[in-house]
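Written out below as structure tokens is the structure these notes cover.
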Amino acid sequence: MAEKRRGYVSRQLVGKEYSGDIERVVHASGRVRLFWETFKGRFGRLILVNLLIFLFFLPLFVVLFYRTISIGGQQTIGPWGSGLGVGYPIVPDVTGTYEYMILRSDLIFFALLIPCLIIGGIGISGGAYLTRNLIRTDGIFIFKDFFRGIKRGIWSVLEASLIFAVILFLARYTGNIASYYVAKGLPTAGWLIASEVFGYIFVGLFALISLWMIAIGTSYKLGPWALFKNAFMMTFGTFPQTLLFAAVALWPLFLLLFTSGFFGLIGLFIFILFGFTYPCLIWMDYADWAFDKFVSPPEVPAAKEETKAAPRDSSEAREDVQRLIFSHGKSDLASRPLRPLDDGAGLYRLPEKFSREDLKKLRDSRTNMQREIDEYVEAHKNDPQYVEYNRLFEERERAIREAELAKEKKSKGKKKSPKPPKLLTGGKR
Numbered sequence: 010m011a012e013k014r015r016g017y018v019s020r021q022l023v024g025k026e027y028s029g030d031i032e033r034v035v036h037a038s039g040r041v042r043l044f045w046e047t048f049k050g051r052f053g054r055l056i057l058v059n060l061l062i063f064l065f066f067l068p069l070f071v072v073l074f075y076r077t078i079s080i081g082g083q084q085t086i087g088p089w090g091s092g093l094g095v096g097y098p099i100v101p102d103v104t105g106t107y108e109y110m111i112l113r114s115d116l117i118f119f120a121l122l123i124p125c126l127i128i129g130g131i132g133i134s135g136g137a138y139l140t141r142n143l144i145r146t147d148g149i150f151i152f153k154d155f156f157r158g159i160k161r162g163i164w165s166v167l168e169a170s171l172i173f174a175v176i177l178f179l180a181r182y183t184g185n186i187a188s189y190y191v192a193k194g195l196p197t198a199g200w201l202i203a204s205e206v207f208g209y210i211f212v213g214l215f216a217l218i219s220l221w222m223i224a225i226g227t228s229y230k231l232g233p234w235a236l237f238k239n240a241f242m243m244t245f246g247t248f249p250q251t252l253l254f255a256a257v258a259l260w261p262l263f264l265l266l267f268t269s270g271f272f273g274l275i276g277l278f279i280f281i282l283f284g285f286t287y288p289c290l291i292w293m294d295y296a297d298w299a300f301d302k303f304v305s306p307p308e309v310p311a312a313k314e315e316t317k318a319a320p321r322d323s324s325e326a327r328e329d330v331q332r333l334i335f336s337h338g339k340s341d342l343a344s345r346p347l348r349p350l351d352d353g354a355g356l357y358r359l360p361e362k363f364s365r366e367d368l369k370k371l372r373d374s375r376t377n378m379q380r381e382i383d384e385y386v387e388a389h390k391n392d393p394q395y396v397e398y399n400r401l402f403e404e405r406e407r408a409i410r411e412a413e414l415a416k417e418k419k420s421k422g423k424k425k426s427p428k429p430p431k432l433l434t435g436g437k438r
């Protein structure tokens with residue numbers, strides 16, 4: 010059987026989701042409308058979930074705040090005015106001193122960001138699971154589903170957080186060394202500047218890969234290597250769309266980091282309200298679209314290809330029709346006698362104003378009608394048409410069962426065909 014030609018990502022991503030979990034559905038309204046309806050209709054719940062995630066990121070904000078205060082204090086008391094009457098002690102040459110101070114501070118603070126991002130990833134695992142359920146169904150239990158999401162997706166999200174945090178630490182460390190060497194005028198500064206540029210490119214790239222690891226790990230059971238491999242393939246297989254939706258999802262973070270003053274306050278207010286749930290909602294909605302496009306159950310295309318390759322003959326089609334008929338059971342209209350409606354006495358009709366005596370007459374008429382029906386069935390149950398129908402039905406039903414048993418015995422003797430790979434490559438049920 011020839012395999013249908015598909016794209017590379019589509020050929021690699023084949024399998025099944027978490028068993029017993031909420032399944033994806035095709036929304037006739039479209040993904041954009043689905044996001045807007047969810048965001049508008051569940052705005053209060055999204056704010057509550059955002060606050061839950063915010064609690065897990067408090068250590069990260071504390072470290073960033075302490076870093077800002079520390080660097081600001083060192084800039085104030087540093088020997089930048091040495092020899093001008095305001096600096097002490099006197100330092101003849103302050104070239105590179107500021108860059109070295111930043112290097113030493115970031116070596117500590119960005120190392121502390123690694124466990125802080127890992128702790129924040131715990132909250133992201135619960136928030137991503139909740140927003141995914143909001144997209145796929147109407148009802149959620151916020152606290153119950155939040156901690157269930159942590160239990161379900163914690164390891165995949167922790168892996169993504171650890172990879173991104175380590176890459177960020179190395180890129181920042183390389184950038185600080187490059188700045189220090191440039192300030193000192195050392196000959197190797199050019200190579201370090203190139204490494205700094207490539208380092209921040211890797212930070213952006215692994216940010217996209219980490220987002221895919223979170224989305225895939227929330228929906229599928231995967232090992233560490235399989236999770237990273239499939240996230241890598243999804244990133245490069247859908248790179249333009251991934252870059253676009255990552256920018257759309259993370260604009261509250263950009264507004265918070267790269268603005269100041271009045272716009273910085275607006276960014277902080279937006280971030281506290283839905284700075285985490287909005288990106289999760291955008292990204293999980295986009296991830297579901299990508300899963301619908303690139304990931305499909307293996308049984309569906311295989312059945313279509315088999316139908317095109319080997320069409321069944323008319324006898325098999327007739328057997329399927331008979332099997333369908335017999336699966337619904339015997340027909341009461343053909344297997345047993347039914348009393349005609351115009352035979353016997355009818356039901357007593359209650360007048361508009363009825364008494365207890367009228368109710369008794371209605372009950373007696375129902376009893377008489379049931380007795381007449383039973384007598385009619387007993388008198389005509391051995392009529393030729395009913396006997397013949399029941400006999401033919403039992404014979405054909407027995408023949409179909411014997412044919413199915415013969416097929417099962419014949420198939421057990423043959424070698425089993427290889428099973429298709431499970432979804433996403435390396436996934437486990």
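Residue numbers (the numbering used here): 10 to 438. Note that the Cβ used here is the ideal one computed from N, Cα and C, for glycine as well. Bear in mind that the values here come from a model prediction, so they are computed numbers and not experimental data.
The Cβ atoms of F263 and R181 lie no closer than 8 Å to each other. Using a C-beta cut-off of 8 Å, the region 131 to 139 makes contact with the region 156 to 169, since at least three inter-stretch Cβ pairs fall below that distance.
In this structure, the straight-line span from the alpha carbon of F44 to that of L220 is close to 18 Å. In the structure shown, T247 adopts coil according to DSSP, grouped into three states. Residue nearest to G194 within the set G105, R76, N59, L371 is G105 (criterion: CA-CA distance). Non-local beta-carbon contacts of S79 in its own chain, meaning distances under 8 Å to residues more than five positions away in sequence, involve S114, F118 in chain order. In terms of Cβ geometry, Y385 and S374 do not form a close pair [threshold 8 Å]. Between S269 and W260, the alpha-carbon positions lie close to 15 Å from each other.
Remark: three or more beta-carbon pairs, one from each stretch, lie closer than 8 Å, so the region 166 to 173 and the region 226 to 237 are flagged as touching. In this structure, F285 sits near N59, with a CB-CB distance shorter than 8 Å. In the structure shown, the three-state DSSP call for T268 is coil. Cβ-Cβ distances below 8 Å link H389 to P346, Y395 in the same chain, with the five nearest sequence neighbours on each side left out; the list follows chain order. Relative to N142, the option among R400, L252, T227 whose CA is nearest is T227. DSSP places G50 within a helical segment (H, G or I) once states are collapsed to three. In this structure, the CA atom of R365 is about 30 Å from the CA atom of R348.
E413 sits in a helix when the DSSP states are folded into three classes. In this chain, N391 is not harboured by any alpha helix (DSSP H), its DSSP state being neither H nor E. Pairing V175 with I123 gives a Cβ-Cβ distance under 8 Å. DSSP, read as helix, strand or coil, puts E366 in helix.
Proximity to T85 across S420, W298, M110, L277 peaks at M110, based on C-alpha coordinates. A distance of 8 Å or more separates the beta carbons of L179 and G199. L55 sits buried, since 16 or more C-beta atoms from the chains shown fall within 10 Å of its C-beta.
At the C-beta level, Y189 and L112 come within 8 Å of one another. Comparing C-alpha distances from P249 to each of L61, G232, L217 shows the shortest one belongs to L217. Secondary structure note for T197: it is in no alpha helix (DSSP H), with a DSSP letter that is neither H nor E. In this structure, L277 sits near L265, with a CB-CB distance shorter than 8 Å. R358 carries a coil assignment under DSSP once its states are collapsed to helix, strand and coil.
Taking K49 as the centre and dropping the five residues before and after it, the same chain places no C-beta closer than 6 Å to its C-beta. Y229 carries a coil assignment under DSSP once its states are collapsed to helix, strand and coil. Around P288, the same chain offers A258, L259, P261, L262 as residues with beta carbons nearer than 8 Å, after the five sequence neighbours per side are excluded.
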